[in-house]
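Residue numbers (our numbering): 453 to 658. Each remark here refers to the structure printed beneath this line.
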Amino acid sequence: MKFIFLVLSMLLAGNVQAQDSEPKTILFFGDSITAGLGVNKSQAFPALIQKKIDSLGWNYEVINGGLSGETSAGGLRRIDWVLQREIDVMVLELGGNDGLRGIELSSTKQNLQQIIDKVQAKYPEVQIILAGMQVPPNLGQEYTREFQTIYPELAEENDLPLIPMIMDKLGGDEDLMQSDGIHPTPKGHRVIAETIWERLKPMLTE
């Protein structure tokens, strides 16, 4: 009888410990697209991903590390501070503002590489998803074309899963894009969340 009570006590303690365990952390690190400029924070795609996770009862916490106006250089300066908290998964969405400002492509790629290096050095087991960005063609076809090669190259060189163009499905749809033509509407964020979820969900179930 004592043995049965002991076993039950151990099982119950194990369940409590599992329920009370610290959630794993998913960091969305990016610019105003990630931050959700122009929409309510709860409507931005990181919050929508959190809702998907919660609906499945998974023990993950999403951190929105988006900052409006952020460039790859700004992200590199900021990453050490962000990494003070341990992360398990990271979705890296940066570079769009570099393109809008016509920043030298080699600098953008180098900054993104250094961000990846810092994250992997601090947390070797972290899983990183690279989100590709695109820029308008006003800077010229050559710049636009070469900009789009940055993300596939980084993904291949670092063996990272890639979302080629995170906003590719939004196009010029007025229901999906705000009037500035740059930032998603709440409906657009829902589309982005689905795009990311296709890549992210398998990682969380491994």
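The C-beta atom is built at its ideal place from N, Cα and C for all residues, glycine as well. Remember, it's a predicted structure, so these values are computed and weren't measured experimentally.
Beta-carbon separation (whole angstroms), residue i vs residue j, contact threshold 8 Å
i, j, result
"residue 583", "residue 545", "4 Å"
"residue 638", "residue 644", "Their Cβ separation, rounded to whole angstroms, is 11 Å, which puts residue 638 and residue 644 out of contact at 8 Å."
"residue 527", "residue 567", "6 Å"
"residue 524", "residue 547", "5 Å"
"residue 483", "residue 518", "6 Å"
"residue 532", "residue 578", "Residue 532 to residue 578, Cβ: 15 Å. No contact."
"residue 606", "residue 564", "6 Å"
Residue i versus the options, residue with shortest Cα-Cα distance
i, options, result
"residue 647", "616, 512 and 625", "616"
"residue 592", "551, 573, 625 and 501", "551"
"residue 543", "555, 559, 528 and 515", "515"
"residue 513", "525, 499, 519 and 524", "499"
"residue 586", "519, 495 and 597", "597"
"residue 553", "599, 482, 538 and 631", "599"
"residue 497", "558, 658, 652 and 657", "652"
"residue 595", "650, 607, 555 and 576", "555"
"residue 506", "489, 620, 479 and 475", "475"
"residue 573", "535, 619 and 655", "535"
"residue 479", "619, 558, 627 and 502", "502"
"residue 557", "603, 590, 629 and 486", "603"
"residue 561", "608, 632 and 626", "608"
"residue 618", "504, 530 and 649", "649"
Bridge partners - residue i, DSSP secondary structure assignment
i, result
"residue 518", "482"
"residue 513", "477"
"residue 491", "DSSP output for residue 491 lists no bridge partner at all."
"residue 619", "Paired residue(s): none; residue 619 is not in a bridge."
"residue 582", "544 and 614"
"residue 636", "629"
Cut-off 7 Å between Cβ atoms - residues of its own chain near residue i, not counting five sequence neighbours on either side
i, result
"residue 580", "542, 544, 568, 571 and 612"
"residue 463", "Residue placement at residue 463 cannot be trusted, given a pLDDT of 40 that sits under 50; what the coordinates show is reported in the next sentence. None."
"residue 495", "488, 638 and 641"
"residue 538", "477 and 575"
"residue 620", "none"
"residue 456", "Note that residue 456 has pLDDT 44, beneath the 50 cutoff, so the model's placement of it is unreliable and the number below is only indicative. Nothing meets the Cβ criterion."
Own chain partners of residue i with C-beta closer than 8 Å, once the 5 adjacent residues on each side are dropped
i, result
"residue 559", "524, 525 and 550"
"residue 492", "638"
"residue 473", "511"
Interface flag, residue i vs chain B, CB-CB below 9 Å
i, result
"residue 633", "Among the chains of the structure shown, chain B does not appear; only one protein chain is present."
Beta-carbon contacts of residue i that lie in its chain and below 6 Å, excluding the five residues immediately before and after
i, result
"residue 490", "630 and 635"
"residue 511", "475"
"residue 486", "480, 518 and 545"
"residue 627", "639"
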